[in-house]
Amino acid sequence: MKARIEPGGFDVDLEPDRTLLQSADAAGIELPSSCRNGTCRTCICKLVAGQVRYRIEWPGVSADEKAEGWILPCVAEPQGDVTLDVPYAFPHF
Ligand code: FES
155 MKARIEPGGF
165 DVDLEPDRTL
175 LQSADAAGIE
185 LPSSCRNGTC
195 RTCICKLVAG
205 QVRYRIEWPG
215 VSADEKAEGW
225 ILPCVAEPQG
235 DVTLDVPYAF
245 PHF
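Under the numbering used here, the very last position in the sequence shown is 247; numbers go up by exactly one each time.
This is the structure we're talking about:
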């Protein structure tokens with residue numbers, strides 16, 4: 155599985171048992187984050203394509219936000235290829 159991170163155009167390999175944030179870390183792409191447990195919303199971003207499921211029962215996004223495609227990548231696991239819109243994603247060198 156792969157994630158495409160726009161608008162930077164970064165490609166990240168995904169593992170099913172890793173969160174999107176962990177996979178991005180492993181690939182050297184830094185996404186905004188703070189709590190890493192689904193409460194602070196620092197990492198909130200748009201899921202442009204694909205599906206995720208959550209590790210925790212009550213991630214900090216409302217039903218309306220979910221319907222609009224907002225996700226919390228620190229607690230979201232991929233269910234296939236995904237495309238995310240994360241304007242503040244930066245590669246580590
Ligand atoms: S880093 Fe806090 S909600 Fe994702």
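Using N, Cα and C, we set each Cβ at its ideal position, and we do this for glycine too.
Rounded separation between residue i and residue j - CA only
i: K156; j: V166; result: 6 Å
i: P186; j: Y242; result: 7 Å
i: C194; j: A217; result: 17 Å
Residue i classed as buried or exposed, judged by whether at least 16 other C-beta atoms fall within 10 angstroms
i: T196; result: exposed
i: S188; result: exposed
i: F164; result: buried
Near the ligand FES: residue i beta-carbon under 6 Å from a heavy atom
i: G192; result: yes
i: C228; result: yes
i: S187; result: yes
i: R172; result: no
i: T196; result: yes
Proximity to residue i [Cα-Cα], best of the options
i: K200; options: F247, F244, E160; result: E160
i: N191; options: Y208, H246, D235; result: Y208
i: W224; options: I183, D239, A180, D179; result: D239
| query | Is the stretch 223-234 touching the stretch 172-182 in the sense that three or more CB pairs, one from each, lie closer than 8 Å? | reply | yes
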